[in-house]
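Protein chains: 4
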Amino acid sequence: MIQEHQTQLRVRYDETDPMGFVHHSNYLRYFEIGRTELLRASGGSYRAMEAAGQLVVVVRIDCRYRSPAKYDDLITVHTRIARVTAAKIIHEYKIRRGDELLVEADVTLAVIDREGRLQRVPESLLEAYQANL
Amino acid sequence: MIQEHQTQLRVRYDETDPMGFVHHSNYLRYFEIGRTELLRASGGSYRAMEAAGQLVVVVRIDCRYRSPAKYDDLITVHTRIARVTAAKIIHEYKIRRGDELLVEADVTLAVIDREGRLQRVPESLLEAYQANL
Amino acid sequence: MIQEHQTQLRVRYDETDPMGFVHHSNYLRYFEIGRTELLRASGGSYRAMEAAGQLVVVVRIDCRYRSPAKYDDLITVHTRIARVTAAKIIHEYKIRRGDELLVEADVTLAVIDREGRLQRVPESLLEAYQANL
Amino acid sequence: MIQEHQTQLRVRYDETDPMGFVHHSNYLRYFEIGRTELLRASGGSYRAMEAAGQLVVVVRIDCRYRSPAKYDDLITVHTRIARVTAAKIIHEYKIRRGDELLVEADVTLAVIDREGRLQRVPESLLEAYQANL
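So the sequence lines, in the order shown, correspond to chains A, B, C and D.
According to this note's numbering, the residues represented by the first sequence are 3 to 135, in order.
According to this note's numbering, the residues represented by the second sequence are 3 to 135, in order.
According to this note's numbering, the residues represented by the third sequence are 3 to 135, in order.
According to this note's numbering, the residues represented by the fourth sequence are 3 to 135, in order.
Okay, structure coming up:
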């Protein structure tokens, strides 16, 4: 499993607000793209997990906003797997425009089934993630 | 079945763009609230239909934008059932700020099942809608 | 200034995801509505502040997700002013469906000018907020 | 000026709804990306136009939905300049997944100034667009 990954995004018009800045809620969507692409680069797929009834949900976000991204900016989402246990997966994110750090965050995920019951992180995912930690 | 309905909405900050206007895509979300509230006022529920496997999808939008709504504006979504057949339901919308007309649209809906196959508009809905036309 | 405020919201269809849950990023939008309505109930207005060149930005979010809201749920956003200094304003949020706690968060705001320079929290706002703490 | 352009997009999780389909409002956002990239490929920039006080707004959408896109689908937005006059610019869009046509639309744009007054389509843009029609 790859432990770090970078994805480039172009800021969309509808993602920006009257201040001309990316609305703060949209960075959470960028983080989600970051972890999806990290998993894809490792040969995995959230779509396949979801089809198999393993739903990955966010249980905590801690996000620090340093400087705003603007419309049409080219930004980089840097995603890193910080910690994996049987109960949760923590990713760290840094969003940059060139060398400038814009936003940093830790996002904690858990796995539930269709009835909302907490599940162990799937063994295959656990091994793959832990191999690099 | 009620044939016309009005819902008031307050424009949210994240719905507006760097011009200070509501992003044009968001009016489609306001229309959806309009028809949801019209159906609720008639004793129906899209949530219940969806739970029963009757998925209502948009098959056509024709939308004319006259004047933009802005952040924190109080706007009214006026929804009217224009035409109902076994194959489709057409609603007409007018969004106003006070007396000023901002946006007009016709939205055509169809009903499909979970496999995406086109269904007849449910008989109960058909009768209820047609009673007023 | 009012120190606590409650706003009721109906979950919109476009806010929910394939799991049938409100997408986690949308709670940040609900918090924004909560503080806007708290300020409005106190006679203030973010729209007026912004027109005066005082831009209020989010500098930190710490959000814990307990249980998901679903399409068409009626939820309550409970907003409380937790701490106000010359540099920042911290609100605490609790989102509930009936008595059930769904999401909790602390959101830290700062005030900047149009060039992005940090400003003192406006004196009027400071006094008003601190009167109740 | 390039008259046709194709952009590839990956459907994001937050763009899909409880049916598992892209919410119909999001295709309008995909169209906006299509025309932005067409203009960029021609050496232009909406960001630069907006900085110069030329605001491009949508005045009409006519959109036909054939088949839904789903989470994680790779889709292609095909954008074509259909007609340009001093008053408006019409683009045609076709969104496909592989060879399958999902959505078709005509979107009409106009240019306004910061006070909302209708402007002539800028001469440079007019000439560039018409060169290919």
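Ideal Cβ positions, reconstructed from N, Cα and C, are used throughout, including at glycine.
For a quick check, are the C-beta atoms of residue 42(D) and residue 67(B) less than 9 Å apart?
As a position in the fourth sequence, residue 42(D) is number 40, starting the count at 1. As a position in the second sequence, residue 67(B) is number 65, starting the count at 1. Result no, Cβ atoms of residue 42(D) and residue 67(B) do not sit closer than 9 Å.
Could you pull the start and end residues of the beta strand (DSSP E) that residue 117(B) belongs to?
To locate residue 117(B), count along the second sequence from 1; it is residue 115. Element bounds for residue 117(B): n/a, residue is neither H nor E.
Show which residues of chain D have a CB atom less than 7 Å away from the CB atom of residue 27(C).
By one-based count along the third sequence, residue 27(C) stands at place 25. By Cβ distance, chain D contributes 16.
Could you please give the first and the last residue of the uninterrupted beta strand (DSSP E) stretch that includes residue 97(C)?
Here the question's residue 97(C) lines up with position 95 in the third sequence. 91-99 is the extent of the beta strand (DSSP E) around residue 97(C).
The alpha helix (DSSP H) that contains residue 37(B), what's its start and end?
Stepping through the second sequence from its first residue, residue 37(B) is reached at position 35. DSSP places residue 37(B) in the uninterrupted alpha helix (DSSP H) bounded by 28-43.
Rounded to the nearest angstrom, what separates residue 50(B) and residue 53(A) at their Cα positions?
Residue numbering aside, residue 50(B) sits at position 48 when the second sequence is read from its first letter. Residue numbering aside, residue 53(A) sits at position 51 when the first sequence is read from its first letter. The alpha-carbon atoms of residue 50(B) and residue 53(A) are separated by roughly 23 Å.
For residue 115(C), which option in 22(A), 8(A), 76(A) has the closest C-alpha, if you only look at C-alpha atoms?
Taking the third sequence and counting its residues from 1, the one referred to as residue 115(C) is at position 113. When each option's Cα is compared against that of residue 115(C), the closest is 22(A).
Could you tell me the alpha carbon to alpha carbon distance between residue 123(A) and residue 45(C), rounded to whole angstroms?
Start at 1 with the first residue of the first sequence, and residue 123(A) comes out as number 121. Start at 1 with the first residue of the third sequence, and residue 45(C) comes out as number 43. Near 49 Å, if we compare the C-alpha coordinates of residue 45(C) and residue 123(A).
Helix, strand or coil for residue 71(C), going by three-state DSSP, please let me know.
Against the third sequence, residue 71(C) aligns to sequence position 69. Residue 71(C): coil per DSSP, three-state reduction.
Kindly say whether residue 95(C), judged by its beta-carbon, lies nearer than 9 Å to any beta-carbon of chain E.
The structure shown contains no chain E; its protein chains are A, B, C and D.
Using a beta-carbon distance below 9 Å, is residue 70(D) in contact with chain C?
The residue given as residue 70(D) occupies position 68 in the fourth sequence. Answer no: the Cβ-Cβ gap between residue 70(D) and chain C never drops below 9 Å.
Please report how far the alpha carbon of residue 27(C) lies from the alpha carbon of residue 118(D), in whole angstroms.
Taking the first residue of the third sequence as position 1, residue 27(C) is located at position 25. Taking the first residue of the fourth sequence as position 1, residue 118(D) is located at position 116. If you take the alpha carbons of residue 27(C) and residue 118(D), they lie about 32 Å apart.
Give the residues of chain C in contact with residue 73(D), contact being defined as C-beta atoms less than 9 Å apart.
On the fourth sequence, residue 73(D) is found 71 positions in, with the first residue counted as 1. Identification of chain C residues near residue 73(D) by a Cβ-Cβ cut-off of 9 Å yields 19, 20, ordered along the chain.
Within this structure, are the beta carbons of residue 58(D) and residue 113(D) separated by less than 9 Å?
Taking the fourth sequence and counting its residues from 1, the one referred to as residue 58(D) is at position 56. Taking the fourth sequence and counting its residues from 1, the one referred to as residue 113(D) is at position 111. It is a contact, given that the beta carbons lie within the stated cut-off.
Taking only three categories from DSSP, how would you classify residue 62(B)?
Against the second sequence, residue 62(B) aligns to sequence position 60. Residue 62(B) falls in the strand class under three-state DSSP.
Report the residue from 33(B), 12(B), 100(B), 75(B) whose alpha carbon sits nearest the alpha carbon of residue 109(B).
Your numbering for residue 109(B) matches position 107 in the second sequence. Answer by Cα proximity: 33(B).
According to the Cβ coordinates, are residue 9(B) and residue 15(C) closer than 9 Å?
Translated into positions along the second sequence, residue 9(B) becomes position 7. Translated into positions along the third sequence, residue 15(C) becomes position 13. No. Outside cutoff.
When you compare the CB positions of residue 79(A) and residue 127(A), do they come within less than 9 Å of one another, or not?
Along the first sequence, one-based indexing puts residue 79(A) at 77. Along the first sequence, one-based indexing puts residue 127(A) at 125. If you check the CB distance, residue 79(A) and residue 127(A) do not come in under 9 Å.
Using 10 angstroms around the beta-carbon of residue 36(C), count the other beta-carbons present and answer buried if the total reaches 16, otherwise exposed.
What you label residue 36(C) is simply residue 34 of the third sequence in a count that begins at 1. Buried, because 16 or more other Cβ atoms sit within 10 Å of the Cβ of residue 36(C).
Once the 5 residues before and after residue 94(C) are set aside, which same chain residues still bring their CB inside 7 Å of it?
For the purposes of this step, residue 94(C) is taken as the residue at position 92 of the third sequence. So the qualifying residues of the chain are 82, 84, 108.
Grouping DSSP H, G and I as helix and E and B as strand, with all else coil, what is residue 2(B)?
Residue 2(B) lies beyond the stretch modelled for chain B, which goes from 3 to 135, so this question has no answer here.
Could you name the residues that DSSP lists as bridge partners for residue 78(D)?
The sequence position of residue 78(D) within the fourth sequence is 76, counting from 1. Residue 78(D) pairs with 10(D), 98(D).
If we ignore side chains and look at the alpha-carbon of each, how far apart do residue 120(B) and residue 97(D) end up?
As a working mapping, residue 120(B) is identified with position 118 in the second sequence. As a working mapping, residue 97(D) is identified with position 95 in the fourth sequence. The straight-line gap from Cα to Cα measures roughly 21 Å.
Just checking my contact of residue 12(C) with residue 104(C) at CB under 8 Å: how many whole Å lie between their CB atoms?
In the third sequence, the residue the question calls residue 12(C) occupies position 10. In the third sequence, the residue the question calls residue 104(C) occupies position 102. With 8 Å as the limit, residue 12(C) and residue 104(C) do not qualify as a contact, their Cβ atoms being about 14 Å apart.
I need the DSSP call for residue 50(A), collapsed to helix, strand or coil.
Working through the first sequence from its first residue, we reach residue 50(A) at position 48. If DSSP states are grouped into helix, strand and coil, residue 50(A) belongs with the helices.
Out of 20(C), 88(C), 5(C), which one is the CA nearest neighbour of residue 72(C)?
Sequence index remark: in the third sequence, residue 72(C) carries index 70 (1-based). When only C-alpha atoms are compared, the closest one is 20(C).
Taking C-beta pairs closer than 7 Å, name the residues in chain A that residue 92(D) reaches, listed in chain order.
The count along the fourth sequence starts at 1 and reaches residue 92(D) at position 90. What residue 92(D) touches in chain A: nothing, since even the nearest Cβ is about 19 Å away.
Please name the residue or residues paired with residue 103(C) in a DSSP beta bridge.
Here the question's residue 103(C) lines up with position 101 in the third sequence. Per DSSP, 98(C).
Give me the Cα-Cα distance between residue 101(C) and residue 31(D), rounded to the nearest whole angstrom.
Residue 101(C) sits at position 99 when you count from the first residue of the third sequence. Residue 31(D) sits at position 29 when you count from the first residue of the fourth sequence. Annotation: residue 101(C) to residue 31(D) spans about 37 Å, alpha carbon to alpha carbon.
Could you tell me whether the Cβ of residue 119(D) comes closer than 9 Å to any Cβ of chain B?
Working through the fourth sequence from its first residue, we reach residue 119(D) at position 117. No, its Cβ sits nowhere closer than 9 Å to a Cβ of chain B.
Pull the bridge partners of residue 83(A) from the DSSP assignment, please.
Position 81 of the first sequence, counted from the start, is the residue given in the question as residue 83(A). Paired residue(s): 93(A).
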